[in-house]
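Read through the structure below, which is laid out as structure tokens, and then see the notes.
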Amino acid sequence: MNNQEFKTIREALQKASLQFGERGIQNPRLHAEVLLQHLFGWTKAKLLAEDREPFPVDKFDLFQSWIERRLSGEPLQYIVGVQEFYGRDFHVNRSVLIPRPETEILIEEVLKRREWWSTSARSPLIADIGTGSGAIAITLALEWPEAEICTVDLSPDAIRVAQDNARRLGADVRFLQGDLTEPLLQNHLRLDVLVSNPPYIPSKDIEALAIEVRGHEPHLALDGGEDGLEPYRRITEVLSRLMREEGPTLVGFEVGIQQAHDVAGMIERNWTGAQTEIIKDLQGIDRVVLGWKRS
Ligand code: GLN
545 MNNQEFKTIR EALQKASLQF GERGIQNPRL HAEVLLQHLF GWTKAKLLAE
595 DREPFPVDKF DLFQSWIERR LSGEPLQYIV GVQEFYGRDF HVNRSVLIPR
645 PETEILIEEV LKRREWWSTS ARSPLIADIG TGSGAIAITL ALEWPEAEIC
695 TVDLSPDAIR VAQDNARRLG ADVRFLQGDL TEPLLQNHLR LDVLVSNPPY
745 IPSKDIEALA IEVRGHEPHL ALDGGEDGLE PYRRITEVLS RLMREEGPTL
795 VGFEVGIQQA HDVAGMIERN WTGAQTEIIK DLQGIDRVVL GWKRS
């Protein structure tokens, strides 16, 4: 595509949609609209109202580079730098997994049980292991203001993204750098609630993921070891040391396809007396595993 090919914003929209469609990208028109909205800092309404205006020559190269990045498989969210999660905009870059809508189920299930702590004198301590962009931790901090939130991530780059999101969204969250449960144990924290969406893709399955995921999202956030269950194994092995002895206590994991029963079993074996429940996502896939003790 060269500068001669579109004169107006509407033509730019049409060209870009066509190219995305030809490449087999789902919702090509929406992709083109989102890129143009970000290019101009406009709402969709303004974009559609102004689409007869000439396309600004000084924005051409940037728009062109964004189209090429998307055509080469880069997710839209990394190009525009943002993904909405639970009604808020989270900044993202290649150091963090793009928050997924399924993960909102984990949030909802935890928040449904908030009242378990309503008579408690102290604020419940929640930890989010493998926080990435901070989507889970920051959402819980904002939706459950009485709780204290602590997050762990191995990647200092991810922590920087999450810290920026926390600051921008006004969430009070503590950040610990380290491997899974290690920083929590080192700090002798005893949790009321543990949540995690750890890497859970079996190593051998990474190559079969879509180019958007395998070629651009951090493998550190995807690769769950040989069977994908390694992070759950390592977390549940220390659950009884990590969780407060006095209930109520709650553990919530997001899990991958066909992992829920294994993960529920790990919770039950390692955390004596815990009950478990499996919750499906909107596609009917077992997506969240909860474990809890009430007393
Ligand atoms: N939900 C992500 C995917 O399917 C994987 C996230 C994870 O490993 N925790 O690509």
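In terms of our numbering, the sequence shown opens at residue 545 and continues consecutively.
Built from N, CA and C at the ideal position, the CB exists for glycine as well.
Distance CB(residue i)-CB(residue j) smaller than 7 angstroms
| i | j | result |
| --- | --- | --- |
| proline 727 | leucine 738 | no |
| asparagine 814 | threonine 780 | yes |
| aspartate 771 | proline 746 | yes |
| alanine 702 | valine 757 | no |
| leucine 735 | alanine 671 | yes |
| alanine 556 | phenylalanine 564 | no |
| serine 677 | alanine 706 | yes |
| glutamate 692 | serine 667 | yes |
Range of the contiguous alpha helix (DSSP H) that encloses residue i
| i | result |
| --- | --- |
| lysine 590 | 588-593 |
| aspartate 806 | 804-814 |
| serine 740 | Element bounds for serine 740: not the alpha helix (DSSP H) but the beta strand (DSSP E), 737-740. |
| glycine 565 | 553-566 |
| isoleucine 651 | 647-656 |
| proline 572 | 572-584 |
| phenylalanine 607 | 604-615 |
| alanine 681 | 679-687 |
Residue i classed as buried or exposed, judged by whether at least 16 other C-beta atoms fall within 10 angstroms
| i | result |
| --- | --- |
| histidine 763 | exposed |
| glutamate 790 | exposed |
| threonine 663 | exposed |
| glycine 674 | buried |
| glycine 828 | exposed |
| glutamate 731 | Looking at the sequence itself, residue 731 is asparagine, so the reference to glutamate does not match. When all chains shown are included, asparagine 731 counts as exposed. |
| alanine 665 | exposed |
| serine 839 | exposed |
| leucine 826 | exposed |
| histidine 575 | buried |
| glutamate 761 | buried |
| asparagine 571 | exposed |
| glutamine 803 | buried |
| leucine 834 | buried |
| leucine 579 | buried |
| proline 743 | buried |
Residue i: first and last residue of the uninterrupted beta strand (DSSP E) it sits in
| i | result |
| --- | --- |
| glycine 835 | 830-837 |
| threonine 820 | 819-824 |
| histidine 692 | What sits at residue 692 in the sequence shown is glutamate, not histidine. Start and end: 692-697. |
| leucine 641 | Careful: leucine 641 lies outside any beta strand (DSSP E) and carries neither H nor E. |
Strand pairing of residue i, partner residues [DSSP]
| i | result |
| --- | --- |
| histidine 635 | Val626 |
| glutamate 798 | Val832 |
| leucine 720 | Val696 |
| isoleucine 673 | Val696, Ser740 |
| threonine 793 | Lys837 |
| proline 668 | Answer is none; proline 668 lacks a bridge partner. |
| proline 598 | Thr552 |
TODO: Would you list, in sequence order, the uninterrupted alpha helix (DSSP H) runs of no fewer than 4 residues that lie entirely inside the stretch 701-788?
DONE: 726-730, 755-758, 774-781, 783-786
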